[in-house]
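Visitor: My questions will all concern the structure given below.
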Ligand SMILES: Nc1ncnc2c1ncn2[C@@H]1O[C@H](COP(=O)(O)OP(=O)(O)OP(=O)(O)O)[C@@H](O)[C@H]1O
Ligand SMILES: Nc1ncnc2c1ncn2[C@@H]1O[C@H](COP(=O)(O)OP(=O)(O)OP(=O)(O)O)[C@@H](O)[C@H]1O
Ligand SMILES: Cc1ncc(C[n+]2csc(CCO)c2C)c(N)n1
Ligand SMILES: [Mg+2]
Ligand SMILES: [Mg+2]
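Protein chains in written order, with our numbering: chain W, 1 to 289; chain B, 1001 to 1263; chain X, 2001 to 2263; chain S, 3001 to 3307; chain Y, 4001 to 4295.
Next comes the structure, spelled out in structure tokens:
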């Protein structure tokens, strides 16, 4: 055990914490300084975690097959870019995107359908709940059987995983318009479609975007985990599962880092669109005083 | 009694009871009322006497629990489906995701007006309520009175023969109010609309109406119906004539009688 | 100029500009105003002239973009932290998940009143605004005017020396309004509160105030400050005296001058 | 009693019958050991559990154990109950495969997770590329089951003599319609289920003594299981907490496993070790291990145990 | 609530699904059946085909009655304490689910509150919370288990931790939005009272977030179940629905897989419905207007 590294880690952590706390309380006059500060805070948080991780794994001599230090992971990452890129293409650009669009679309349409017909509302909504937790462990092998080893079966798993959050949130969102908003449409004798498009969907967007955000990470997890159950020999899940078995844990973490990056970017994109679409909602407009 | 097809609104023994968590609330009871084509009817009465509820029944937003009501000789539902009326709610009820312009366009879009027609009407009604230049703002960027005016503009933008207006000018100052009163009278005169108008201002009620309905609460009922003897042509200074003051006095008395506390 | 510690509100060259999606909106400009302890100040002016904005600045809900303002000699923020005022918003702003009773209890809970005290005050203020018996209802089960009264009750339930009231009686009929005007005057007289009161009713402004501030829009500014010469003791029929009518006339002229359209 | 935790490589099944028998029959108790047998699964890397301190001894295949050793986690083989390899590639006859040369252009199902090393070695030896090019074979990461063959998604799949092969038969496919390539017959056999511990721990005499007792009792269990396959299968079934296995399948498995353990008294035959290492080092472009491992096994434990 | 209103629609939809399922059974199982017959030099008539596909040992899609029979057998014909009883395995999974759900909900709410109230947390924590969700669970699950094992925690808790990991995120996302959903004027009111952050939270933000909370809880409890099942793999998959799924798959017992899937679905549906009931009760207590007749 290397005590000085451990002590350094703890000191660094405390210092960074204090600095961050100070920085996020402080209001800068200059807007660009403010913006810079808002970037520095999460970055410093991240750096702190990395420093802690590096020092503690080295300080306590944690075996590399359990948890490699970040430097080893970074080294592995830059040396494996072509492989990682191929994996991202296979898993994200094929399976995740296709499954995400289909699953969210399907959940959304089912919610609309349920909303349209009281009969289906009573008949389909309870059954929608059945799909809610079709465990990936059970479904993934079946999808491989039905749709083959390639990305299509992973997309199918993603569809199943993303369907329910979208269904639930859309149903809740469609109920979110206020009575007076509905009364107004009623006085215009607006058709169901008109009410939907002009009133109920806008009011539902905040909920729908919640689902889109939750699903953006769920889809990635789903596709990666589904690859544990049979794939061609490319893909992020394939890489992770085989490299764990081979004890190349640094490669596993490199792949995880890539997954986190891709997933965060995806989430960020959805959140960005959300701010555009629901600009009027108090949560975006800044209900805070 | 007049021929039915003359009646725009005709209520017989109308009653409405809300059932709430702590017992039923009688909002309307035994309401009999006839509104004729071209009438300008004001409803006046203490807070909570059922004015809004009655307007909502006409608009098919609330179902009466007893009695009958027809609108244009049909059930309120049929009338609503024929888009018989425009409604100005007591609260502005603007959609926050639409600009003022777009809020006014809403009924026009729904009723299938052409884009050019929409544009023209938006401009015209924004002018009417003195909001020209605010079309591109969002509702939360307007003052309370401006929001109310926007919602009036929205109801006036399309051609409904019957206007249901629930305290449309409540949040406006005297000058704007006078201005809009005049505008409304002109519009009414020009287009021969029928107007049901809730107000708390006695002068406003007398100035505008051909018929004033005085209501009283607990349970909500009609206590007096005053047919105005004022001419259809009404300059603002008609408000100083003895005839005007006499009607106003009768309304005030009716109002006072309906109140639970006497001063 | 009076000693500063006498001033409850003191604004110097106050200005406020909102930046919106389509350019800046000047809501207030060059506002100078002194409100003394025990004053009853009415703000009157066309819709959109910045009355609400000014009240919000006093309440530390909006930060001025130029000039200075003190409340009780402090910054608005410090004053707010001392719970210097009660605010009645233009809209009722009741929490829909609380009954009327509970809505009134809200500030009491926050300020740590005892349960018994809460109960007593709820009962008392409900009575004051004539809503006894409606305590257990939810806001949506009340009429517009009743909601407004509930929000007044909420602001009166705790003891603030300064009351900021934004058109509190807008949705009420004449009788209730007269009643509440009297109640408010009594309360003011008894407790020596300072009241800032937005209204659109000229008679109401004149009847209630020791000082009337006339404002004008685009950009919002103060155009006239009228010190009332009426006695502090004001029976309802003071409204027919020539003195009263003279003040009302001056207010009306000021109001008219601020309007963009001339009739 | 001394505590020993054994981490298996896979779920509870007759593949590990010896240990369950030793436990049920009280052989561990006799040695004064309290043995906790932890089932494995598709998501468990026994070596990782060992490194994390979750187990004292693990069951692993030698290729994967040696690869791990090269990665810096010094595993040491202390006993080798499995003499023979049960790994094979099973192909559907109608896929047109009759000999290893036919693999080119076909799709083959392979188990990864450290189990792919023997396969890669074999393909390296055959000179067949596995990276998906037109010249080589298309490799699939096979799941937990034999579906790819039944669904015709692959021409051949990896099977164990004692398990998956029988599942194919149970699904209704006739043995005549199948063709199998045992790794042993192809000269690429590598040692399978062996017992491994961390090198450091062996410096501790108390631990060594414990392992001696453990191996002795375990081998007694294995020999009993070999001799009484049906009873052993029953014991396995009792220990299966998932309640999912069938008696018939476990009996078949036990019978087949017995063929693999036959001939081993637990002691690793250095010749087998050398053969495995040679095979692994020969593996094509991406060799499993790059240099001959030193100290990757010890005979001390078995020598002591078999005294 | 009459029979016609409630039961009929569900029945119709269920029947429709079963009909589609049967059709799918024939369609998906036919190739293997034809193949087998062809090897015997036979050609199957349609009715033969139907009957064969209904009873395959290893079907691509087992028929509804095969699944139901297996489900019925393992659910009702076994002692609930037996290892072969689905009830027993369901309980193993449900207990981890509920524990994970409870921990996830609390964690999610606490994080959301932190994010809404503390700018530093919003800025520094949220990106990492999001990143955490992009880490594939199965990849780190074994490490979690190993680490927890190393510090002496095993059994229910590790599974619940994985459950928590999956379920707290929907709660965070929903609650951050929900806690920020009060209107400006509602917040202004609190501001005028100089209410503390805690008071604003309990008296305004929290009640305003309830619709978001329940939408999130429904997703979270479903995710918890998935997490508990997934968590069974790296804990050795010895018991629970995940173990049934896995060993069913491993030993090619298709009917067993489907029965476990059916059970997992049913459990999820019941749990989600329970959350729905709680939602209704809360709504009534919070003075929600009875759902109107109009859309
Ligand atoms: N949805 C409802 N549920 C229960 N009671 C209601 C409901 N709506 C209105 N009421 C009750 O019905 C009565 C009449 O209400 P209404 O809104 O018609 O009054 P109003 O005459 O419009 O009053 P105001 O002038 O204050 O707007 C009131 O006592 C009110 O409490
Ligand atoms: N949040 C905001 N963003 C942008 N502009 C605003 C905002 N709030 C108010 N304004 C603008 O500021 C001006 C003054 O508004 P304010 O609400 O103070 O008017 P007011 O005098 O209270 O009017 P009313 O009598 O109609 O309530 C208006 O032109 C309004 O459009
Ligand atoms: C991810 C994964 N890894 C390995 C195997 C197969 N497998 C591992 S060890 C072993 C021997 C004992 O049966 C077998 C067959 C699988 N199916 N899935
Ligand atoms: Mg009303
Ligand atoms: Mg205002």
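Think of the CB as a built atom: it goes at the ideal place given N, C-alpha and C, for glycine as much as any other residue.
Work out the CA separation of residue 3015 of chain S and residue 207 of chain W for me, nearest whole Å.
Guide: 51 Å
Visitor: Output the boundary residues of the beta strand (DSSP E) element that contains residue 1040 of chain B.
Guide: First-last of the beta strand (DSSP E) with residue 1040 of chain B: 1040-1044.
Visitor: On the premise that residue 137 of chain W lies in contact with residue 4230 of chain Y, defined as a C-beta separation below 8 Å, what is that separation, rounded to the nearest angstrom?
Guide: 6 Å
Visitor: Count Cβ pairs between the segment 1141-1159 of chain B and the segment 1106-1121 of chain B that sit closer than 8 Å; are there 3 or more?
Guide: yes
Visitor: Are the CB atoms of residue 3158 of chain S and residue 3122 of chain S nearer to each other than 8 Å?
Guide: Against a cut-off of 8 Å, the Cβ pair of residue 3122 of chain S and residue 3158 of chain S comes out as no contact.
Visitor: Could you check where the beta strand (DSSP E) with residue 2166 of chain X kicks off and where it finishes?
Guide: It spans 2162-2166 - the beta strand (DSSP E) in which residue 2166 of chain X sits, taken as one unbroken run.
Visitor: Distance check for residue 106 of chain W and residue 1033 of chain B, CA to CA, integer angstroms please.
Guide: Taking the straight line joining both Cα atoms gives about 52 Å.
Visitor: Quick check: residue 2058 of chain X and residue 2071 of chain X, are their CB atoms within less than 8 Å of each other?
Guide: yes
Visitor: Residues of the segment 1175-1200 of chain B with a CB closer than 8 Å to any CB of chain W: list them in chain order, please.
Guide: none
Visitor: Please enumerate, following chain order, all residues with a beta carbon closer than 5 Å to at least one heavy atom belonging to ligand 2.
Guide: In chain order, the hits are B/1141, B/1142, B/1143, B/1144, B/1145, X/2018, X/2020, X/2025, X/2027, X/2047, X/2048, X/2049, X/2050, X/2051, X/2052, X/2053.
Visitor: Using a cut-off of 8 Å between C-beta atoms, extract the partners of residue 3142 of chain S located in chain W.
Guide: 230
Visitor: Go to residue 1032 of chain B, then tell me how far its alpha helix (DSSP H) extends in each direction, as first and last residue.
Guide: Careful: residue 1032 of chain B lies outside any alpha helix (DSSP H), inside the beta strand (DSSP E) at 1023-1036.
Visitor: So, at 7 Å on beta carbons, what are the nonlocal neighbours of residue 4174 of chain Y in its own chain, with the 5 sequence-adjacent residues on each side left out?
Guide: The beta carbon of residue 4174 of chain Y lies closer than 7 Å to those of 4212, 4213, 4215, 4216 in the same chain, with the five residues before and after it left out.
Visitor: Mapping the DSSP letters down to three states, classify residue 30 of chain W as helix, strand or coil.
Guide: coil
Visitor: Indicate whether the contact test is met: 3 or more Cβ pairs, each with one atom in the segment 2055-2069 of chain X and one in the segment 4189-4204 of chain Y, closer than 8 Å.
Guide: yes
Visitor: Using a C-beta to C-beta distance shorter than 8 Å, which residues of chain X count as neighbours of residue 1172 of chain B?
Guide: Within 8 Å Cβ-Cβ: 2047, 2200.
Visitor: Within 8 Å of any Cβ in chain W, is that where the Cβ of residue 1003 of chain B sits?
Guide: Its pLDDT being 46, under 50, residue 1003 of chain B is placed unreliably by the model, and nothing is read from it.
Visitor: Could you check the C-alpha separation between residue 202 of chain W and residue 3052 of chain S for me, to the nearest Å?
Guide: 52 Å
Visitor: CA-CA distance, residue 4114 of chain Y and residue 217 of chain W?
Guide: 21 Å
Visitor: Between the alpha carbons of residue 4315 of chain Y and residue 4218 of chain Y, how many angstroms are there, rounded?
Guide: With chain Y covering only 4001 through 4295, there is no way to say anything about residue 4315 of chain Y.
Visitor: From residue 3035 of chain S to residue 3303 of chain S, what does the alpha carbon distance come to, in whole angstroms?
Guide: 21 Å
Visitor: Could you say which of W/198, W/119, W/228 lies nearest to residue 4233 of chain Y if we only look at CA atoms?
Guide: W/228
Visitor: Consider the Cβ of residue 202 of chain W: report whether some Cβ of chain B lies at a distance smaller than 8 Å.
Guide: yes
Visitor: Kindly say whether residue 1257 of chain B, judged by its beta-carbon, lies nearer than 8 Å to any beta-carbon of chain W.
Guide: no
Visitor: Using three-state DSSP, classify residue 2086 of chain X as helix, strand or coil.
Guide: strand
Visitor: Determine whether the Cβ of residue 4183 of chain Y lies closer than 8 Å to any Cβ atom of chain W.
Guide: yes
Visitor: Beta-carbon of residue 4102 of chain Y versus every beta-carbon of chain S: anything under 8 Å?
Guide: no
Visitor: Name the residue from W/199, W/193, W/168 whose alpha carbon lies nearest to the alpha carbon of residue 182 of chain W.
Guide: W/199
Visitor: Checking the sheet assignment: what are the DSSP bridge partners for residue 2197 of chain X?
Guide: X/2042, X/2165
Visitor: Would you mind reading off the limits of the alpha helix (DSSP H) that contains residue 3138 of chain S?
Guide: Run containing residue 3138 of chain S: none in the alpha helix (DSSP H); it sits in the beta strand (DSSP E), 3138-3141.
Visitor: Where does residue 55 of chain W sit, in a helix, a strand or coil, going by DSSP?
Guide: helix
Visitor: Quick one: is residue 3073 of chain S near chain W, going by C-beta distance under 8 Å?
Guide: yes
Visitor: Consider the C-beta atom of residue 2157 of chain X and the heavy atoms of ligand 1; say whether any pair is separated by less than 7 Å.
Guide: no
Visitor: May I ask whether a heavy atom of ligand 4 can be found less than 7 Å away from the beta carbon of residue 1166 of chain B?
Guide: yes
Visitor: Please report the straight-line C-alpha distance between residue 3199 of chain S and residue 3072 of chain S, rounded to a whole angstrom.
Guide: 11 Å
Visitor: Alpha carbon to alpha carbon, how far is residue 4084 of chain Y from residue 156 of chain W? Give it in angstroms, no decimals.
Guide: 31 Å
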